[in-house]
Each structure stands twice: as structure tokens, then as C-alpha cells.
Amino acid sequence: MTLENFVLHPATLFELAHFLIVVGISIRVIMRRPNTGVALSWLMIVAVFPFVGALLYLLIGERRIGNRRTQRINSLRAEYEKLAQSEIANRMAEIDWSTHTPTAAALNRLGIRMLGFPAIHGSRFAFYSDAQQILKKLCEDIDAARESILMEFYIWNEEGTADEVMDAIIRAARRGISCKILIDAMGARPWWKSGQPKQLRDAGVQLREALPVGLFRALVGRTDLRLHRKIVVVDGETAWTGSMNLVDPRFFKQESGVGEWVDAMVRLEGTVVAPLAAVLLGDWSLETGESVAEHVESGVLRQARPKGTVDMQVLSSGPGQTGDGLLQMLPGLVNAAQREIVLTTPYLVPDESLLRALRGAAGRGVSVRLIIPKRVDSLLARYASRSYYDDLLDAGVEIHQYVGGLLHTKSVLVDNDMALFGTVNLDMRSLWLNYEVTLLVFGQIFAGENCANCSRNISIILSCWTAARGRNGTSRAAFSRMFCASWRRCFDGDLKKGRESRMTGNSWRELPSNTSW
16 MTLENFVLHP ATLFELAHFL IVVGISIRVI MRRPNTGVAL SWLMIVAVFP
66 FVGALLYLLI GERRIGNRRT QRINSLRAEY EKLAQSEIAN RMAEIDWSTH
116 TPTAAALNRL GIRMLGFPAI HGSRFAFYSD AQQILKKLCE DIDAARESIL
166 MEFYIWNEEG TADEVMDAII RAARRGISCK ILIDAMGARP WWKSGQPKQL
216 RDAGVQLREA LPVGLFRALV GRTDLRLHRK IVVVDGETAW TGSMNLVDPR
266 FFKQESGVGE WVDAMVRLEG TVVAPLAAVL LGDWSLETGE SVAEHVESGV
316 LRQARPKGTV DMQVLSSGPG QTGDGLLQML PGLVNAAQRE IVLTTPYLVP
366 DESLLRALRG AAGRGVSVRL IIPKRVDSLL ARYASRSYYD DLLDAGVEIH
416 QYVGGLLHTK SVLVDNDMAL FGTVNLDMRS LWLNYEVTLL VFGQIFAGEN
466 CANCSRNISI ILSCWTAARG RNGTSRAAFS RMFCASWRRC FDGDLKKGRE
516 SRMTGNSWRE LPSNTSW
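Going by my numbering, the residue at position 404 of the sequence shown is 419; the numbering climbs one at a time, nothing skipped.
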């Protein structure tokens with residue numbers, strides 16, 4: 016074979032093209048500086064699977080959002096800064112940090128630097144953990160609306176009391192209330208195919224898909240970046256946020272075999288309503304092209320009057336908006352703990368920095384409790400979560416499994432002084448790919464109320480996942496004693512007796528229903 020024939024041979028051209036692609040992708044990966052494990056994984060995939068590996072990397076290897084969306088997000092960031100400056104000018108951000116834990120002010124500064132909005136004074140809240148009560152109360156607020164209703168959710172599901180919420184929205188639109196609703200295109204895909212979107216639009220509701228998917232969008236940006244926020248704002252005076260989608264858990268994903276989803280929401284009044292409305296309207300602007308300034312001029316977005324004494328900070332996060340701000344905030348909060356940390360999350364796939372922070376906190380004597388559901392709706396997520404158990408247990412972290420359904424609440428409680436509460440799961444999808452919103456609340460009032468609701472509503476049906484390694488086959492102290500000893504101060508009233516399981520060695524042993532607390 017001549018040199019010319021060798022060079023022009025299809026196999027040679029194939030190998031040359033593959034080599035150039037591997038070099039090009041390698042340079043791109045190195046320049047973007049991802050986690051070392053992630054970088055090595057992608058380099059291996061690209062090298063081992065010619066062309067296919069490169070295509071996969073270009074599709075899902077980066078947080079691509081497209082140039083148009085990037086430009087809109089940059090404009091939105093400038094409008095958020097104006098709102099933040101307005102809050103500072105109106106002295107809403109003047110907080111007496113001496114009344115909070117010493118690290119609270121530092122976390123506020125980190126939140127401003129990474130995520131935008133300052134903590135503001137003058138809000139009050141009501142904490143709800145019963146799904147039917149949440150949906151009924153939401154209907155009441157919508158029926159009482161005088162000017163505007165803003166809503167965004169990841170999932171909307173037909174049937175049950177969720178249909179009553181839709182009926183309330185239709186009634187509001189027909190009486191002239193401005194209704195803007197943003198629902199994720201993928202999360203609510205079955206709902207978008209139903210007849211309810213048409214009913215809402217026919218009534219005059221402005222309804223939009225968030226982050227629509229399609230072949231063209233897959234070429235300019237990732238299609239697995241999702242709007243995971245749950246926010247409702249009524250008249251610019253009342254807001255809701257938390258973990259619950261617009262679903263009735265009695266009719267939602269019952270075929271998945273995990274039971275009903277267990278969520279919590281918080282109803283807010285006062286100054287914190289404005290930044291929550293700004294986050295929602297920012298998402299609306301990204302999909303419609305409208306500017307946030309238009310909503311300020313129309314009065315839909317305005318400063319709310321102070322109500323209450325609670326200090327809160329709104330933390331929004333997502334691709335193109337905040338970088339790794341939330342990934343810095345969570346370890347910062349964990350590292351600030353001096354006595355105890357209680358975390359609830361449906362999915363546990365943390366990044367290395369958060370995993371090390373949790374192990375480090377347990378190692379320095381902080382009581383770290385992780386509450387997760389025993390069963391989740393994703394088999395992959397279930398086993399991915401369990402892969403972290405050994406490392407956490409070896410460090411002294413206590414892991415408790417909720418067995419009464421899919422515990423979907425997301426919260427982090429630190430020293431009964433600070434709380435993160437919102438839509439963020441402790442997994443890399445939520446922390447890295449989703450658009451999320453979380454409240455950072457300072458003070459014992461909110462943390463204590465959160466503890467009280469957790470204890471009343473989930474403690475009676477928890478099981479304790481423990482390990483016996485080197486401990487003569489004995490498990491850690493029974494969950495009931497641990498839970499009540501640390502949280503007894505958070506609530507009044509008797510705990511109901513329940514059934515609980517304890518892992519001793521490699522087997523489960525059921526505790527009798529009359530086990531003493």
C-alpha cells in the first residue's frame with residue numbers, strides 16, 4: 016500500500032478524525048474545569064466511544080442554555096440588582112444581626128455575593144404540611160385575589176383537590192384578575208396533553224410552558240434543565256413556596272408503589288413576598304421576552320409592607336444565573352453548625368464538598384441527622400443514595416428512613432437558629448441543573464416551627480438505618496429517644512405511638528408499638 020493510499024484510507028481518516036475530536040473535547044473539558052471525577056469520566060467516554068461519546072458530551076456534558084437565554088439572564092440580573100438596591104434604600108435590609116447566631120451575617124453576605132438578594136426584615140409565615148389543607152387554603156387566597164395571581168410549578172396533575180385550585184383560578188380570571196401561570200414543559204408533560212390548559216386559556220389565563228423541549232432546542236441548549244420552583248404570589252401581598260407541586264397526593268403517581276408524597280409549604284406575608292415575586296416574574300420574562308420593569312410599572316411587582324418580625328433571604332439558583340452559588344451556600348451552612356443539623360431530602364446524591372462538610376460536622380461533634388424516604392419513585396436514585404450511606408454512617412451521621420410515603424420535603428435546620436426551606440434536593444441534578452428557589456430563614460421562630468411540624472407529622476413512622484460495624488452487633492440508640500431528646504423543646508403535646516424498625520447487624524427487627532419514647 017502506498018503512502019497516499021494509506022493516508023486516504025477510510026480507516027485512517029476515521030482514526031484521525033477521532034483523534035482530533037478527542038483532543039478538541041479534552042481541551043474544552045480542561046478549560047471548563049469540572050470536578051476531577053466528572054472530567055475523567057467524560058474523557059474516557061469520548062476516547063472509548065468514537066463520535067458517540069463526543070455527541071453525548073456536547074448534548075449533556077455542559078450546562079448549555081443558549082445565547083438568547085444567556086442574554087436575557089444577564090439583563091434579568093441587572094434588574095434584580097435594582098430591586099435589591101431598592102430594598103436596601105428602603106431600609107428593609109437593616110437587620111440586627113446581634114440577635115442571631117454569629118455566622119448568620121456571614122451567610123447573608125455569601126448569599127448576596129453568590130445569589131443576589133439580601134436578607135430582609137419584616138415578614139411572617141404559616142407552616143403547612145397537610146396537602147389537603149394547603150390546597151384548600153390556596154383556593155381561599157385565589158378566591159380573595161383583587162388584582163393579580165402569579166404561579167409557577169414543576170408539576171401540575173389532574174384530579175382531586177388540585178382541580179379545585181384550577182376552578183378557583185378560572186373564577187379569578189373571569190372576574191378580571193390578571194393571572195400569569197408558568198408550568199414546566201417536561202415535569203407536567205401529561206398535564207399539558209390534557210384538556211385543562213385549554214380551559215385555563217379560554218377563561219383568560221396567561222399560561223406558558225417553561226423551558227419547552229424539541230429538536231432545535233436540543234441543538235442550542237440542554238433539554239434536561241428544568242424549572243423546579245414552586246411559587247404562588249397573590250396581589251403582591253401573599254406568597255407560597257415549598258416542596259409541593261400542584262397535585263393532590265391521593266391521585267399522584269400512585270402506580271409507582273411509594274405511597275402518597277409528603278410535602279410542606281409555607282404561606283408568607285410581608286417584605287419577603289417581593290423578591291419571591293421577582294424570581295417568578297424573572298422566569299416569566301425569560302419565556303415571554305417581557306421585562307421585569309414592565310411589571311414594576313404595572314404594579315404587579317412592588318414592595319410589600321412589613322408584616323411580622325422574621326428575617327428571611329430568598330435564594331434562587333439555576334444554570335446561567337448563579338454558577339455554583341448554592342453549592343457554596345450549603346457547605347457554608349453545614350460548617351456553621353455548632354450543635355445539630357437536621358436535613359430532609361427525597362433524593363441524596365450530594366457533591367463531594369457537601370459530603371465532606373457533613374462528615375466533617377459529625378466528626379467535630381455536631382449531631383447530624385439525615386431524614387430520607389425509604390422508597391422513592393426512581394430505582395436509580397434509590398441505589399445512588401444508598402451508595403453514600405457507609406461513608407456518612409462511618410463519620411457518625413444518623414440516617415433515618417421515612418416509611419409512610421415519599422417524603423418530598425426539602426429542608427436543612429441548623430442549631431435551631433437557621434433554616435433552609437424550599438425546592439432544593441440534596442442531589443446534583445437539583446444543585447446543578449434545575450432552577451430552584453429556597454428560603455434562608457434566620458431565628459428560632461421558623462426553625463422551631465419547622466421542627467415541630469416535622470416531629471408531629473413524620474416522627475411516628477420513621478425507621479432508623481444503622482450499622483453495627485465493630486459495635487458488638489448493637490445499633491445506635493433508638494430513633495425515638497434520639498429524636499425526642501433533641502427536639503422535645505421544639506413542640507408541646509404528646510407524640511403518638513407508632514411502629515418503627517431498627518437495623519441490628521444485617522437484619523431488621525420490628526419494635527413493638529408500645530415502645531417507650
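Where a beta carbon is used, it is the ideal one built from N, C-alpha and C, also for glycine.
Answer yes if the region 290 to 297 comes into contact with the region 244 to 255, meaning at least three C-beta pairs across the two stretches below 8 Å, and no otherwise. Between the region 244 to 255 and the region 290 to 297 there are three or more inter-stretch CB-CB distances shorter than 8 Å, so the stretches are counted as touching.
Cβ separation of I198 and E224, assumed to be a contact under 8 Å, to the nearest whole Å: Right, the Cβ-Cβ distance comes to about 7 Å (below 8 Å), so this counts as a contact.
Quick check: the Cα distance between R83 and T256, rounded to an integer number of angstroms? Spanning the alpha carbons of R83 and T256 requires a straight line of approximately 28 Å.
Where D509 falls: helix, strand or coil (DSSP): Unreliable placement is indicated for D509, whose pLDDT of 29 sits below 50; no coordinate value is reported for it.
As a quick exercise: from G411, I36, F132, pick the residue whose alpha carbon is nearest that of A99. For the residues G411, I36, F132, the minimum Cα distance to A99 belongs to F132.
Do A376 and V349 have their C-beta atoms within less than 7 Å of each other? Yes.
Measure the alpha-carbon distance for I475 versus L407 and round it to whole angstroms. Here the model assigns I475 a pLDDT of 38, short of 50, so the residue's position is not dependable and the matter cannot be decided.
Could you give the DSSP three-state label for A159: helix, strand or coil? It is coil, neither helix nor strand.
Going by Cα to Cα distance, which pick from E413, P227, E252, V220 is closest to N204? In the sequence on display, residue 204 carries Arg and not Asn. Closest in C-alpha terms to R204, from the list E413, P227, E252, V220, comes P227.
Does D409 pass the burial test, meaning 16 or more other C-beta atoms within 10 Å, or should it be called exposed? Around the C-beta of D409, fewer than 16 other C-beta atoms lie within 10 Å, and the residue is accordingly described as exposed.
Are I75 and G236 closer than 7 Å when you measure CB to CB? Contact flag unset, no.
Determine, using beta-carbon pairs with one atom in the region 213 to 220 and one in the region 176 to 195, whether at least three such pairs fall under 8 Å. Between the region 213 to 220 and the region 176 to 195, the count of C-beta pairs closer than 8 Å reaches three or more; the two stretches touch.
Inside the region 411 to 452 only - beta strand (DSSP E) runs reaching at least 3 residues: Within the region 411 to 452, the complete beta strand (DSSP E) segments at least 3 residues long are 413 to 417, 426 to 429, 433 to 437, listed from N- to C-terminus.
Quick one: Cα of H136 to Cα of G126, how far? Straight through space, the alpha carbons of G126 and H136 are spaced by roughly 15 Å.
contact_flag[the region 300 to 318, the region 111 to 128] where n(CB pairs < 8 Å) is 3 or more: Judged by Cβ distances under 8 Å, the region 300 to 318 makes no contact with the region 111 to 128, as fewer than three pairs qualify.
Would W276 pass as a contact of L455 if the rule is Cβ separation under 7 Å? Not in contact: W276 and L455 (Cβ atoms no closer than 7 Å).
What distance in whole Å lies between the Cβ atoms of I386 and H415, which are believed to be in contact at a cut-off of 8 Å? The pair is a contact, with the Cβ atoms about 5 Å apart (cut-off 8 Å).
What alpha helix (DSSP H) runs, 4 residues minimum, are completely inside the region 199 to 276? Counting only runs that start and end inside the region 199 to 276, the alpha helix (DSSP H) elements of at least 4 residues fall at 204 to 207, 211 to 217, 230 to 235.
Could you check where the beta strand (DSSP E) with V329 kicks off and where it finishes? Run containing V329: 325 to 332, per the beta strand (DSSP E) assignment.
Please list the terminal residues of the continuous beta strand (DSSP E) segment that includes P388. Note, P388: beta strand (DSSP E), 382 to 388.
First and last residue of the beta strand (DSSP E) that includes M59? Per DSSP, M59 is not a residue of any beta strand (DSSP E); the alpha helix (DSSP H) it occupies stretches across 51 to 63.
If I measure Cβ to Cβ from D156 and keep anything under 6 Å in the same chain, skipping five residues before and after, which residues do I get? Cβ within range, chain order: V249, T253.
Just checking my contact of F168 with L261 at CB under 8 Å: how many whole Å lie between their CB atoms? Contact between F168 and L261 holds, since their C-beta atoms are separated by about 5 Å, short of 8 Å.
Just to check my reading of the structure: K268 and T359 have Cβ atoms closer than 8 Å, yes? What is that Cβ distance to the nearest angstrom? Between K268 and T359, the beta carbon gap of about 19 Å keeps them out of contact (Cβ cut-off 8 Å).
Could you say which of A352, L91, E109 lies nearest to T324 if we only look at CA atoms? Of the candidates A352, L91, E109, the one whose C-alpha sits nearest the C-alpha of T324 is E109.
DSSP has V281 in a bridge; who is on the other side? Its beta-bridge partners are F142, T256.
Smallest Cα separation from T238: which of S209, G272, L222, M201? Sorting S209, G272, L222, M201 by C-alpha distance to the C-alpha of T238 places M201 at the top.
Grab me the residues of R390's own chain with a C-beta within less than 6 Å of its C-beta, minus the 5 sequence neighbours each way, in chain order. The residues are V273.
Are three or more beta carbon pairs between the region 61 to 73 and the region 38 to 53 nearer than 8 Å? Between the region 61 to 73 and the region 38 to 53 there are three or more inter-stretch CB-CB distances shorter than 8 Å, so the stretches are counted as touching.
How is the alpha helix (DSSP H) around I42 delimited, first residue to last? According to the DSSP assignment, I42 belongs to the alpha helix (DSSP H) that extends over 25 to 47.
Just confirm the distance between the C-beta atoms of V329 and V452, as a whole number of angstroms; I'd bet it's less than 8 Å. Indeed they touch by this definition, with Cβ atoms about 7 Å apart.
If you draw a straight line from the C-alpha of I60 to the C-alpha of L428, how long is it? Rounded to the nearest whole angstrom, the CA to CA distance from I60 to L428 is 39 Å.
DSSP on H115, reduced to helix/strand/coil? Reduced to three states, the DSSP call for H115 is coil.
Check whether the region 396 to 407 touches the region 362 to 372, taking contact to mean three or more Cβ pairs, one atom from each stretch, closer than 8 Å. Counting C-beta pairs with one atom in each stretch, the region 396 to 407 and the region 362 to 372 have three or more that are closer than 8 Å, which means they touch.
If distances are taken between C-alpha atoms only, which option among V307, P321, S101 comes closest to E284? Relative to E284, the option among V307, P321, S101 whose CA is nearest is P321.
Sort D339, W206, D145 by Cα distance to P264 and report the nearest one. Closest by alpha carbon: D145.
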